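Residue numbers (the working numbering): 3 to 154.
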Amino acid sequence: MLAIVLVCAAFAQAPARPVPIIPADEVASRKALAIAESAPRFAAILQFFTDYPSSRGVPMMIVRGYAAAGRVTSVKALELAQEIAKRVARASPMARSEAVNTIAAQLLLRNFASEAEPYARAATRELNEEDFVARARAGYQRKTVPFYVEEA
């Protein structure tokens with residue numbers, strides 16, 4: 003009887019730790035980036051855009067997608083940009099703005115300014131302050147970090 007009381011007391015003293023819940027989009031991005039071979043990793047990254055077009059991880063995955071594509075010619079850079087834009091077309095306006103802004107930045111990094119311009123213009127058309135603040139707030143809440151509208 004004393005052993006049962008001691009075991010119960012031990013469980014009562016140690017509160018259960020909450021199990022962190024990893025969002026599905028984060029699991030998918032980790033899985034895609036863990037693939038060693040470049041062609042399957044590239045395909046998994048493209049699939050990520052189809053499955054999670056509004057994910058906060060889209061900009062980072064665009065950067066990784068261009069890296070996984072290897073040496074990019076202007077034709078290939080534009081094809082990749084079009085493919086990603088097509089896959090994120092059903093995302094929220096703010097997510098689309100972030101995505102096409104990142105595409106424009108990736109094209110500029112590769113000295114494809116004329117190809118980047120339409121994406122930069124599209125990013126500004128989609129940009130909305132209220133949506134930006136709401137998206138930033140959601141990201142902070144998911145991380146359980148204080149959010150301040152003034153800073154956003």
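Here a beta-carbon is modelled for each residue, glycine too, at the ideal position from N, C-alpha and C.
Just so we're clear, the structure is a prediction, and the values are computed from it rather than from any experiment.
Next on the checklist: By the DSSP assignment, the alpha helix (DSSP H) with P120 in it spans what residues?
Outcome noted: 115-128
Checklist entry - Within this structure, are the beta carbons of S31 and S57 separated by less than 9 angstroms? => result yes
Checklist entry - Does the count of Cβ pairs from the region 116-123 and the region 131-149 closer than 8 angstroms reach three? => result no
Next on the checklist: Is the beta carbon of F149 closer than 9 angstroms to that of V90?
Outcome noted: no
Item to check | Inter-residue spacing [alpha-carbon to alpha-carbon] between R112 and V102 | outcome: 15 angstroms
Checklist entry - Could you give the residue range of the alpha helix (DSSP H) that holds T104? => result 95-111
Checklist entry - Can you tell me whether DSSP reads V151 as helix, strand or coil? => result coil
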